[in-house]
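Sequential numbering of the sequence shown, starting at 1, is according to the working numbering. For glycine and all other residues, C-beta sits at the position ideal for the given N, C-alpha and C.
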Amino acid sequence: MLKPRIEPLRRLYRGCLVVLLISTAAYAQQDLEREGYFEVRSAATELLSGVHTLDARLQLVLSSEALQALEAGVPLTVELQLEVIRTRRWVPDSLDAELKVRYELEYRPLSQRYIVRNVNTGNQESFATLYSALNTLGRVQALPIIDDALLEPDKRYRLRMRALLNTQQYPPSLRFVFFWRSQWQLKSEWFEWSLER
1 MLKPRIEPLR RLYRGCLVVL LISTAAYAQQ DLEREGYFEV RSAATELLSG
51 VHTLDARLQL VLSSEALQAL EAGVPLTVEL QLEVIRTRRW VPDSLDAELK
101 VRYELEYRPL SQRYIVRNVN TGNQESFATL YSALNTLGRV QALPIIDDAL
151 LEPDKRYRLR MRALLNTQQY PPSLRFVFFW RSQWQLKSEW FEWSLER
């Protein structure tokens with residue numbers, strides 16, 4: 001006689017337990033420190049009107065500390081570093097050119113918009129979400145790298161690039177703190193490829 005009444009109570013108990021476990025897991029996930037990382041997924045150059053231009057895809061994930069700083073109004077600088085290396089046979093390769101392209105990522109609480117500004121050119125775009133801003137930062141298209149006339153004819157060249165979170169714009173005291181905090185050491189591995197001429 002008691003069996004029919006106990007079964008619905010067991011189901012209710014199990015349901016409450018599942019909801020409690022899911023809620024606890026979600027709360028614990030929020031408390032976990034999110035580790036950021038930068039990765040160059042692909043990169044290639046094309047010769048257009050005598051200038052080598054770059055197309056690249058990057059994965060940019062901010063750490064918890066960098067994300068908190070951004071949300072508090074601290075602008076972050078993402079830097080792309082590119083090197084043009086002349087390949088030599090009997091002596092070490094020669095670094096013939098370097099290029100640094102800096103992008104500033106900023107959050108504006110009043111408008112609730114994310115601003116991405118190219119520090120080199122001054123061009124800027126506005127985004128409603130951080131995902132959109134980082135996605136745009138991760139798509140490099142037709143970026144001029146080097147004039148082909150500056151390269152020696154009949155020589156082989158290779159390019160390499162990496163992305164990093166640049167902290168040089170902050171005061172020395174903050175830079176010292178960032179140096180010891182791994183969440184601010186966001187830097188991709190070098191991605192390397194041959195320059196097609």
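Check	Outcome
Element boundaries [alpha helix (DSSP H), containing glutamate 98]	Not the alpha helix (DSSP H): glutamate 98 falls in the beta strand (DSSP E), residues 94 to 108.
Where threonine 136 sits in the DSSP three-state scheme	helix
Own chain partners of aspartate 154 with C-beta closer than 6 Å, once the 5 adjacent residues on each side are dropped	none
Span separating the alpha-carbon of phenylalanine 176 from that of glutamate 79	Per-residue confidence for phenylalanine 176 stands at a pLDDT of 41, beneath the threshold of 50, marking its modelled position as unreliable; the derived number appears in the next sentence. Going from the Cα of phenylalanine 176 to the Cα of glutamate 79 covers about 19 Å.
Glutamine 124, enclosing beta strand (DSSP E) - first and last residue	124 to 127
Secondary structure of leucine 151, DSSP reduced to three states	coil
Assigned secondary structure, glutamate 71 (DSSP; H/G/I helix, E/B strand, else coil)	helix
6 Å CB neighbourhood of phenylalanine 191 in its chain, flanking five on each side removed	Val40, Ala43 and Met161
Glutamate 35 to serine 64 span [Cα, whole Å]	7 Å
Option in Glu125, Leu143 and Pro144 with minimal Cα separation from asparagine 135	Glu125
Proximity winner among Tyr114, Asn120, Ile146 and Arg113, relative to glutamate 83 (alpha-carbon distances)	Ile146
Euclidean distance between Cα positions of asparagine 118 and alanine 142	14 Å
Residues near serine 188 by beta carbon distance below 6 Å, same chain, minus five either side	Phe38, Glu39, Val40, Arg162 and Ala163
Cβ-based neighbour list, arginine 197, same chain, cut-off 8 Å, excluding 5 preceding and 5 following	Leu47, Asp148, Leu151 and Tyr157
Buried or exposed by the 16-neighbour rule on C-beta atoms within 10 Å, applied to asparagine 123	exposed
With 16 other Cβ atoms within 10 Å as the buried cut-off, status of alanine 128	exposed
Spatial neighbours of arginine 57 in its chain, beta-carbon cut-off 7 Å, leaving aside the 5 residues before and after	Arg41, Ser42, Gly138 and Arg139
CB of serine 94 within 8 Å of CB of arginine 86, strictly	yes
Alanine 66 classed as buried or exposed, judged by whether at least 16 other C-beta atoms fall within 10 angstroms	buried
Backbone CA spacing between valine 74 and tyrosine 107 [nearest angstrom]	8 Å
Beta-carbon gap between glutamate 104 and threonine 77 smaller than 8 Å	yes
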